[in-house]
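Colleague: Provided herewith is a single structure, encoded as C-alpha coordinates, for subsequent inquiry.
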Amino acid sequence: MALILLAIAGILFAGKVLLLAVALVLLAVDPFQRQSCIYNSRMALFIVSVLLY
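Heads up: the sequence shown runs through residues -14 to 38, numbered per this note's numbering.
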(Lines of atoms letter the chains of each structure in order from A and count residues from 1; the text may use other names and numbers.)
(Lines give C-alpha, C1' and ligand atoms only; values in the text may rest on other atoms or scores of the structure.)
Protein backbone atom coordinates (compact mmCIF):
# COMPACT_ATOMS: atom_id res chain seq x y z
CA MET A 1 0.00 0.00 0.00
CA ALA A 2 2.77 2.43 0.92
CA LEU A 3 4.59 1.64 -2.32
CA ILE A 4 1.45 2.41 -4.33
CA LEU A 5 1.01 5.75 -2.55
CA LEU A 6 4.69 6.51 -3.10
CA ALA A 7 4.35 5.71 -6.79
CA ILE A 8 1.29 7.97 -7.10
CA ALA A 9 3.11 10.78 -5.31
CA GLY A 10 6.10 10.32 -7.63
CA ILE A 11 3.88 10.47 -10.72
CA LEU A 12 2.16 13.64 -9.46
CA PHE A 13 5.53 15.23 -8.68
CA ALA A 14 6.86 14.28 -12.12
CA GLY A 15 3.76 15.81 -13.68
CA LYS A 16 4.33 19.05 -11.78
CA VAL A 17 7.97 19.16 -12.89
CA LEU A 18 6.88 18.48 -16.47
CA LEU A 19 4.33 21.32 -16.36
CA LEU A 20 6.94 23.66 -14.95
CA ALA A 21 9.39 22.67 -17.69
CA VAL A 22 6.71 23.30 -20.34
CA ALA A 23 6.02 26.73 -18.84
CA LEU A 24 9.73 27.60 -18.90
CA VAL A 25 10.04 26.42 -22.51
CA LEU A 26 7.05 28.56 -23.48
CA LEU A 27 8.73 31.55 -21.86
CA ALA A 28 12.01 30.85 -23.64
CA VAL A 29 10.54 30.21 -27.09
CA ASP A 30 8.86 33.57 -27.71
CA PRO A 31 10.92 36.32 -26.07
CA PHE A 32 10.73 38.50 -29.19
CA GLN A 33 6.99 38.35 -29.79
CA ARG A 34 5.75 40.76 -27.18
CA GLN A 35 2.10 39.75 -27.04
CA SER A 36 2.70 36.00 -26.88
CA CYS A 37 5.49 36.57 -24.35
CA ILE A 38 3.01 38.32 -22.07
CA TYR A 39 0.54 35.49 -22.63
CA ASN A 40 3.19 32.85 -21.93
CA SER A 41 4.36 34.56 -18.75
CA ARG A 42 0.76 34.71 -17.55
CA MET A 43 0.35 31.01 -18.32
CA ALA A 44 3.60 30.24 -16.52
CA LEU A 45 2.51 32.24 -13.47
CA PHE A 46 -0.82 30.41 -13.50
CA ILE A 47 0.88 27.01 -13.73
CA VAL A 48 3.33 27.88 -10.95
CA SER A 49 0.52 29.13 -8.72
CA VAL A 50 -1.40 25.89 -9.32
CA LEU A 51 1.70 23.87 -8.47
CA LEU A 52 2.34 25.81 -5.28
CA TYR A 53 -1.30 25.49 -4.26
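The beta carbon of each residue, even a glycine, is placed where N, CA and C say it ideally should be. Fair warning: this is a prediction, and the values are worked out from it, not measured in the lab.
1) Is the separation between the beta-carbon of MET(-14) and that of ALA8 shorter than 8 Å?
2) Determine whether the beta carbon atoms of LEU(-10) and LEU36 lie at a separation below 8 Å.
3) Alpha carbon to alpha carbon, what distance is there between GLY0 and ALA(-8)?
Modeller: According to the structure data:
1) no
2) no
3) 12 Å
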